[in-house]
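Which chain is which? The protein sequence lines are A and B, in order. Take the first sequence: its letters are residues 147 to 430, numbered as in our numbering. Take the second sequence: its letters are residues 2 to 254, numbered as in our numbering. Ideal placement from N, C-alpha and C gives every residue a C-beta, glycine not left out. Quick caveat: nothing in here was measured; it's all calculated off a predicted structure. This report refers to the structure that appears directly beneath it.
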Amino acid sequence: MIRLSRHHTERIVFAVIGLASVATAVPIIIIVSSIFFSGAEAVSWQFLLEMPRDGMRSGGIWPAIIGTIYLVVGTGLISIPLGVASAIYLSEYAADSYWTRMIRLAIVNLAGIPSVVYGLFGLGLFVLFLDLGSSIVAACLTLSIMTIPVIISTAEEALRAVPQSFRVVSVGMGATRWQTIRRVVLPQALPGILTGVILGLNRAAGETAPILFTGAAFFLPKLPNSIFDQTMALPYHLFVISTQVPEMPITIQYGTATVLLAFVLIMNILAASVRSWQRRKREW
Amino acid sequence: MFDNPKIRINELSVGYDDGTQALSDVCLDIPENAITALFGPAGGGKSTLLRTLNRLNDLLDVSISGEVMLDDTNIFDRNVDVISLRRRVGIVFAQPIPLPFSIRKNITYGLELAGERRRAKLDDAVEGSLRSSALWDEVKDRLDDSANALSGGQQQRLCIARVLALAPEVLLLDEPTSGLDPISTAKVESSLQILKQDYTVVIAPSSIQQTARIADLAVFMLQGELVEWGSGEDLFSAPREKQTEEYITGRFG
Chain A
147 MIRLSRHHTE
157 RIVFAVIGLA
167 SVATAVPIII
177 IVSSIFFSGA
187 EAVSWQFLLE
197 MPRDGMRSGG
207 IWPAIIGTIY
217 LVVGTGLISI
227 PLGVASAIYL
237 SEYAADSYWT
247 RMIRLAIVNL
257 AGIPSVVYGL
267 FGLGLFVLFL
277 DLGSSIVAAC
287 LTLSIMTIPV
297 IISTAEEALR
307 AVPQSFRVVS
317 VGMGATRWQT
327 IRRVVLPQAL
337 PGILTGVILG
347 LNRAAGETAP
357 ILFTGAAFFL
367 PKLPNSIFDQ
377 TMALPYHLFV
387 ISTQVPEMPI
397 TIQYGTATVL
407 LAFVLIMNIL
417 AASVRSWQRR
427 KREW
Chain B
2 MFDNPKIRIN
12 ELSVGYDDGT
22 QALSDVCLDI
32 PENAITALFG
42 PAGGGKSTLL
52 RTLNRLNDLL
62 DVSISGEVML
72 DDTNIFDRNV
82 DVISLRRRVG
92 IVFAQPIPLP
102 FSIRKNITYG
112 LELAGERRRA
122 KLDDAVEGSL
132 RSSALWDEVK
142 DRLDDSANAL
152 SGGQQQRLCI
162 ARVLALAPEV
172 LLLDEPTSGL
182 DPISTAKVES
192 SLQILKQDYT
202 VVIAPSSIQQ
212 TARIADLAVF
222 MLQGELVEWG
232 SGEDLFSAPR
242 EKQTEEYITG
252 RFG
């Protein structure tokens with residue numbers, strides 16, 4: 147049996163750990179760069195801002211871009227107020243009781259549900275039972291159910307990270323609980339909450355399964371007029387042109403993937419810069 | 002000895018939900034316009050007593066019996082408005098904890114909570130309270146800087162100032178100089194001597210020496226009970242109880 151010196155063990159461990167981190171980074175770099183490389187030639191202002199033509203085989207992807215923006219904004223309008231309000235309740239008001247434990251358990255479990263299940267649930271509840279039809283509003287509601295657990299858990303974490311002493315001081319100066327939350331706790335937790343919101347909405351922007359049955363259209367000749375219309379969306383459009391349309395030019399497929407990836411990447415960078423802004427601004 | 006009690010405490014007992022009895026049957030009259038100093042070893046119930054006087058313990062699960070009369074009202078009475086009680090009875094903590102605002106905003110915060118919007122009023126309060134806590138000259142040119150940029154001693158005087166801005170009747174101080182250097186401590190102590198002319202001051206001093214320096218009424222607390230109290234000079238020159246004597250002379254604690 148060979149006994150390694152501590153020095154050698156150290157080197158080997160570092161090498162293994164270093165290799166592991168390279169191994170995780172390499173596939174991401176390959177995927178992103180190959181898509182951007184192949185898609186770059188397809189992306190132009192015309193591609194971004196024109197309607198698809200020839201059964202989507204030429205023209206642009208404007209309705210899919212605008213549709214994804216509608217879905218993200220709509221999902222944000224529903225999930226941000228609900229998610230942040232729930233987080234405030236759980237972190238600042240709720241006692242540690244059987245019910246709050248059940249709520250927390252539900253949130254954790256919701257976050258682990260496969261996205262196609264959300265899609266089917268949305269189909270059952272919003273599209274059929276509430277008779278909203280396959281529409282932007284049904285898709286936004288479905289995406290919200292998927293997004294809310296992410297927002298709640300990150301927002302709750304951000305709220306709990308604000309030192310308890312600030313709350314005691316504020317209440318000691320004659321503030322009500324709500325005044326304390328609104329004037330001291332929320333402003334301090336805001337960057338953390340924003341990070342969670344962006345990450346949640348990011349997921350909503352990239353998912354296909356939840357909108358598949360609830361609001362995404364295969365192809366629409368014009369933009370949606372109301373929230374009860376169907377809409378095209380980037381991830382579903384990418385799925386359609388990659389698998390459902392014969393003789394699809396490969397540049398358009400790559401171009402669409404590039405745009406979707408860029409969309410998600412920009413939101414991720416936004417989240418990262420919010421986080422670093424938070425660290426610089428934080429006073430504790 | 003003092004015939005003008007501002008606060009009368011009658012058979013006050015406080016227990017925490019983990020079963021510890023923090024205060025047992027405490028009876029004490031706290032005189033107006035004087036410094037009452039609660040001293041004794043750690044765990045004696047000084048902080049609990051202070052935090053009970055403006056019901057800050059309501060934030061925790063505590064069981065309270067007995068009464069605390071502030072002027073003529075029992076502060077535990079059902080119809081007492083806790084918010085206005087806390088404005089009448091301000092508290093300063095051991096650690097200076099400025100709120101994450103500017104120096105000015107730290108002072109105006111409490112007044113704004115109470116609905117004060119007039120700029121002139123707020124400016125007056127900022128200057129007045131910072132002068133009272135002997136901080137004005139050091140910060141008057143940088144009121145909009147972050148309060149965290151101040152030194153520990155300055156932060157503690159800021160914390161006193163922001164309580165004073167609310168024009169309380171009673172000022173509670175829980176070891177306000179524990180983290181401060183001797184010079185800052187001296188500044189805080191001398192400002193207390195001026196403040197007591199207008200306020201009722203109740204303090205848990207950071208040391209026996211400080212108690213001796215500033216106490217008009219000194220109260221010795223041990224394991225949740227009042228052992229002995231008397232005027233500062235009397236108690237330190239001729240303690241009646243053996244425990245008090247042993248603590249003062251440094252045999253325990």
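Limits of the unbroken alpha helix (DSSP H) element including residue i
i: A/Arg349; result: Leu332 to Gly352
i: A/Thr300; result: Ile282 to Ala307
i: B/Leu236; result: Gly233 to Ser238
i: B/Arg56; result: Note, B/Arg56: premise wrong, no alpha helix (DSSP H); not H, not E.
i: B/Gln210; result: Ile209 to Ile215
i: A/Ser273; result: Reading off the sequence shown, one finds Val at residue 273 of chain A, where the question assumed Ser. First-last for A/Val273: undefined, no H or E at that position.
i: A/Ala231; result: Trp208 to Ile234
i: A/Ile181; result: Arg152 to Gly185
i: A/Ile249; result: Tyr244 to Ala257
i: B/Val140; result: Trp137 to Val140
Delimiting residues of the beta strand (DSSP E) encompassing residue i
i: B/Asp1; result: Within the shown structure, residues of chain B are numbered from 2 to 254, placing residue 1 of chain B beyond reach of any answer.
i: A/Pro356; result: Here A/Pro356 belongs to no beta strand (DSSP E); instead the alpha helix (DSSP H) covers Ala355 to Leu358.
i: B/Asn11; result: Pro6 to Tyr17
i: B/Glu247; result: Counting along the chain, B/Glu247 falls outside any beta strand (DSSP E), though it belongs to the alpha helix (DSSP H) covering Lys243 to Ile249.
i: B/Ala68; result: The question names Ala, but residue 68 of chain B is Glu in the sequence shown. Here the beta strand (DSSP E) through B/Glu68 covers Val63 to Leu71.
i: A/Phe364; result: Per DSSP, A/Phe364 belongs to no beta strand (DSSP E) and is neither H nor E.
i: B/Leu112; result: Per DSSP, B/Leu112 belongs to no beta strand (DSSP E); it is in the alpha helix (DSSP H), Ile104 to Leu114.
i: B/Thr178; result: Run containing B/Thr178: none; DSSP gives neither H nor E here.
i: A/Val315; result: Per DSSP, A/Val315 belongs to no beta strand (DSSP E); it is in the alpha helix (DSSP H), Gln310 to Gly318.
i: A/Val189; result: Careful: A/Val189 lies outside any beta strand (DSSP E) and carries neither H nor E.
Rounded C-alpha distance that separates residue i from residue j
i: A/Ile176; j: A/Ser422; result: 27 Å
i: A/Leu406; j: A/Gly352; result: 7 Å
i: B/Val220; j: B/Ala239; result: 14 Å
i: B/Met222; j: A/Met319; result: 27 Å
i: B/Asn5; j: B/Pro32; result: 5 Å
i: B/Gly111; j: B/Ala168; result: 10 Å
i: A/Ala257; j: A/Leu369; result: 32 Å
i: B/Glu68; j: A/Phe267; result: 57 Å
i: A/Ser225; j: B/Ser64; result: 40 Å
i: B/Arg9; j: B/Ile195; result: 24 Å
i: B/Ala166; j: B/Asn107; result: 10 Å
i: B/Thr178; j: B/Ala213; result: 15 Å
i: B/Gly231; j: A/Thr326; result: 39 Å
i: B/Asn80; j: B/Glu170; result: 20 Å
i: B/Leu71; j: B/Ser147; result: 36 Å
Status (buried if at least 16 other CB within 10 Å, exposed otherwise) for residue i
i: B/Gln211; result: buried
i: B/Leu61; result: exposed
i: A/Asn348; result: buried
i: A/Met248; result: exposed
i: B/Ser85; result: exposed
i: A/Ser281; result: buried
i: B/Ser94; result: First, the residue type needs correcting, since residue 94 of chain B is Phe and not Ser in the sequence shown. Buried, because 16 or more other Cβ atoms sit within 10 Å of the Cβ of B/Phe94.
i: A/Tyr264; result: buried
i: A/Thr170; result: exposed
i: B/Pro42; result: exposed
i: A/Ile158; result: exposed
ask   = If you measure beta-carbon to beta-carbon, which residues of the segment 102-118 of chain B are closer than 7 Å to chain A?
value = Tyr110, Gly111, Leu114 and Ala115
ask   = If you pair each beta-carbon of the segment 281-299 of chain A with each one of the segment 131-142 of chain B, do three or more pairs fall below 8 Å?
value = no
ask   = Going along the chain, which residues of the segment 381-396 of chain A sit with their C-beta nearer than 9 Å to a C-beta in chain B?
value = For the segment 381-396 of chain A, the set of residues with a beta-carbon nearer than 9 Å to any beta-carbon of chain B is empty.
inquiry  = Under 8 Å, with one C-beta from each stretch per pair, do the segment 213-231 of chain B and the segment 17-26 of chain B reach the 3-pair mark?
reply    = The segment 213-231 of chain B, when compared against the segment 17-26 of chain B, does touch it at the 8 Å Cβ threshold.
message = Please identify, using Cβ separations under 9 Å, the residues of the segment 205-221 of chain A that lie next to chain B, in order along the chain.
response = none
inquiry  = If the cut-off is 7 Å on Cβ atoms, which residues from the segment 170-199 of chain A count as contacting chain B, listed in chain order?
reply    = From the segment 170-199 of chain A, no residue has a Cβ closer than 7 Å to chain B.
message = Against chain A, which members of the segment 88-101 of chain B pass a CB distance test of less than 8 Å?
response = Arg88, Gly91, Ile92, Phe94, Gln96, Ile98, Leu100 and Pro101
query = Okay, do the segment 94-101 of chain B and the segment 301-321 of chain A touch, 3+ Cβ pairs below 8 Å being the bar?
reply = yes
key: chain A contacts from the segment 58-74 of chain B (Cβ-Cβ distance under 9 Å)   = Asp59 and Leu60
query = Using 8 Å as the Cβ pair cut-off and three pairs as the minimum, do the segment 382-397 of chain A and the segment 201-209 of chain A touch?
reply = Enough Cβ pairs lie closer than 8 Å, so yes.
request  = Note down, in chain order, all residues in the segment 261-282 of chain A with a beta-carbon under 7 Å from any beta-carbon belonging to chain B.
outcome  = none
query = Do three or more CB pairs link the segment 117-131 of chain B to the segment 46-59 of chain B at distances below 8 Å?
reply = The segment 117-131 of chain B makes no contact with the segment 46-59 of chain B; the number of CB pairs closer than 8 Å stays below 3.
request  = Answer yes if the segment 287-298 of chain A comes into contact with the segment 356-365 of chain A, meaning at least three C-beta pairs across the two stretches below 8 Å, and no otherwise.
outcome  = yes
task = Assess, as a yes-or-no matter, whether the segment 333-346 of chain A is touched by the segment 359-377 of chain A under the definition of 3 or more beta carbon pairs within less than 8 Å.
result = no
request  = Report the residues of the segment 334-360 of chain A with a CB closer than 7 Å to any CB of chain B, ordered along the chain.
outcome  = Correct list: Gln334.
request  = With 8 Å as the limit, tell me which residues of the segment 18-37 of chain B have their beta carbon closer than that to any beta carbon of chain A; keep them in chain order.
outcome  = none
message = So, does the segment 233-242 of chain A touch the segment 299-310 of chain A, judging by three or more C-beta pairs under 8 Å?
response = yes
request  = Would you be able to state if there are at least three C-beta pairs under 8 Å between the segment 318-332 of chain A and the segment 269-281 of chain A?
outcome  = no
task = Indicate whether the contact test is met: 3 or more Cβ pairs, each with one atom in the segment 394-402 of chain A and one in the segment 171-190 of chain A, closer than 8 Å.
result = yes
query = Would you call the segment 184-196 of chain B and the segment 158-166 of chain B in contact, with 3 or more CB pairs under 8 Å?
reply = These segments touch.
request  = Using a Cβ-Cβ cut-off of less than 8 Å, list which residues of the segment 164-179 of chain B approach chain A; keep chain order.
outcome  = The segment 164-179 of chain B vs chain A, Cβ under 8 Å: Val164 and Leu167.
query = What residues in the segment 318-333 of chain A have a beta carbon less than 7 Å from any beta carbon of chain B?
reply = Gly318, Met319, Gly320, Ala321, Thr322, Gln325 and Val330
ask   = Between the segment 191-224 of chain B and chain A, which residues of the former have CB atoms less than 9 Å from a CB of the latter, in chain order?
value = none
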